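Numbering (the working numbering), first residue to last: 30 to 348.
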């Protein structure tokens, strides 16, 4: 395998590159911005490439146009490059659960049989990019929709770990909401699996993991912090108290953040799109179809994964 990887400097992408190289794969990295046509299509980067792993994307942007440029137009350019090759590579496109939508209920994770209902501007942009992949003539493709991903090097969940070190912490998501959490090692394993398995060609897959309510997740992160903290149990087992942020304040902050983003071009911490994603009560995903087709299953338990993540944060001085 010779792999071309976009988003290689990102959280999941950096782990994927490490895994591929450890297995003896030659990895070539695509950086932004892409050269104008036809320089990119004719680049030596493509010589002998058998697989493209497309992870580059924006999960936060000031407006819909920025999401479209980063997630749709960039994908179109990459596919044009793949199609220009004499031996067209297998494209593994890393999408998002937001492109499919949330689950129907707390005991009914989203499956591949469910009708797509993209959530938010981000979800719609990833869904539009998926359609480009599916409609790309001559290309062998596989689309993977990870749920929430955590693990070493991740900065999104880092904020939660940091909050729970303090006497008080804020929560904007109701505790009864639930999500599927996938450890980055399991996600990378799934990407390598679909790249190598013939049954995965032309398929869209959700990924499974640990299904967890938000209140249980906060408890699990607190345990991970206790387990990895220096000092005696009496020193470290101080429980952070919850302050639930009223929904009206969340909505107000989102509107202010959205206006700020449009005026300044900067990505706000709170935005209408982020609030829309957060209001979906069940971000639950099933990996059973992928398990049936390829044998892949997640193996990292939530408590073990959170402890390893907390330990890594501490080692790097992030906590």
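Glycine is no exception: its CB is placed at the ideal position from the N, C-alpha and C atoms.
All values derive from a computational prediction rather than experimental measurement.
Three or more C-beta pairs below 8 Å linking the stretch 97-115 and the stretch 136-149: no
Residue range of the beta strand (DSSP E) that includes residue 122: Reading the chain shown from its first residue, position 93 is the one you call residue 122. Residue 122 -> beta strand (DSSP E) spans 119-123.
Boundaries (first-last residue) of the beta strand (DSSP E) holding residue 239: Numbered from its first residue, the chain shown carries residue 239 at position 210. Counting along the chain, the beta strand (DSSP E) containing residue 239 begins and ends at 239-242.
Residue 270 beta carbon less than 8 Å from that of residue 196: Here the question's residue 196 lines up with position 167 in the chain shown. Here the question's residue 270 lines up with position 241 in the chain shown. Contact flag set, yes.
Extent of the continuous alpha helix (DSSP H) to which residue 69 belongs: Here residue 69 corresponds to residue number 40 of the chain shown, with the count starting at 1. Looking at the DSSP string, residue 69 is not in any alpha helix (DSSP H), and its letter there is neither H nor E.
Status (buried if at least 16 other CB within 10 Å, exposed otherwise) for residue 75: In the chain shown, residue 75 corresponds to position 46, counting from 1. Label assigned to residue 75: buried.
Proximity winner among 320, 115, 315 and 44, relative to residue 237 (alpha-carbon distances): Residue mapping note: residue 237 aligns to position 208 of the chain shown, counting from 1. For residue 237, the nearest C-alpha among the options comes from 315.
Nearest-angstrom Cα separation, counted from residue 177 out to residue 31: One-based indexing of the chain shown puts residue 31 at position 2. One-based indexing of the chain shown puts residue 177 at position 148. Near 28 Å, if we compare the C-alpha coordinates of residue 177 and residue 31.
Span separating the alpha-carbon of residue 128 from that of residue 182: Here residue 128 refers to the residue found at position 99 when the chain shown is read from its first residue. Here residue 182 refers to the residue found at position 153 when the chain shown is read from its first residue. C-alpha separation (whole angstroms): 24 Å.
Residue burial classification, residue 85 (beta-carbon count within 10 angstroms, cutoff 16): Mapped onto the chain shown, residue 85 falls at position 56. By the 10 Å Cβ count, residue 85 comes out buried.
For residue 313, the three-state DSSP class (helix, strand or coil): Reading the chain shown from its first residue, position 284 is the one you call residue 313. In the structure shown, residue 313 sits in coil (DSSP, three-state: anything other than H, G, I, E or B).
Beta-carbon spacing of residue 215, residue 327 below 8 Å: Taking the chain shown and counting its residues from 1, one reaches residue 215 at position 186. Taking the chain shown and counting its residues from 1, one reaches residue 327 at position 298. Cβ distance < 8 Å, so residue 215 and residue 327 count as in contact.
Cutoff 7 Å; reference residue 191; Cβ partners in own chain excluding five residues on either side: Numbered from its first residue, the chain shown carries residue 191 at position 162. The residues are 348.
Under 8 Å between C-beta atoms of residue 40 and residue 233: For the purposes of this step, residue 40 is taken as residue 11 along the chain shown, with counting starting at 1. For the purposes of this step, residue 233 is taken as residue 204 along the chain shown, with counting starting at 1. No; because the gap between Cβ atoms is not below 8 Å, this pair is not in contact.
For residue 173, the first and last residue of its enclosing alpha helix (DSSP H): The residue labelled residue 173 in the question sits at position 144 within the chain shown. No alpha helix (DSSP H) contains residue 173, which is instead part of the beta strand (DSSP E) from 169-174.
Extent of the continuous beta strand (DSSP E) to which residue 148 belongs: As a first step, residue 148 must be located in the chain shown, where it is residue number 119. Here residue 148 belongs to no beta strand (DSSP E), and DSSP marks it neither H nor E.
Nearest-angstrom Cα separation, counted from residue 259 out to residue 150: Locating residue 150 in the chain shown gives position 121, where the first residue counts as 1. Locating residue 259 in the chain shown gives position 230, where the first residue counts as 1. Rounded to the nearest angstrom, the two C-alpha atoms are 42 Å apart.
8 Å contact criterion, which residue 217 and residue 48 should meet: CB distance rounded: Residue numbering aside, residue 217 sits at position 188 when the chain shown is read from its first letter. Residue numbering aside, residue 48 sits at position 19 when the chain shown is read from its first letter. So it is a contact: roughly 5 Å between Cβ atoms.
C-alpha gap between residue 159 and residue 147, whole angstroms: For the purposes of this step, residue 159 is taken as residue 130 along the chain shown, with counting starting at 1. For the purposes of this step, residue 147 is taken as residue 118 along the chain shown, with counting starting at 1. Roughly 11 Å between the two C-alpha positions.
Straight-line gap, residue 345 to residue 338 (C-alpha atoms, nearest Å): Stepping through the chain shown from its first residue, residue 345 is reached at position 316. Stepping through the chain shown from its first residue, residue 338 is reached at position 309. Their Cα atoms are separated by approximately 11 Å.
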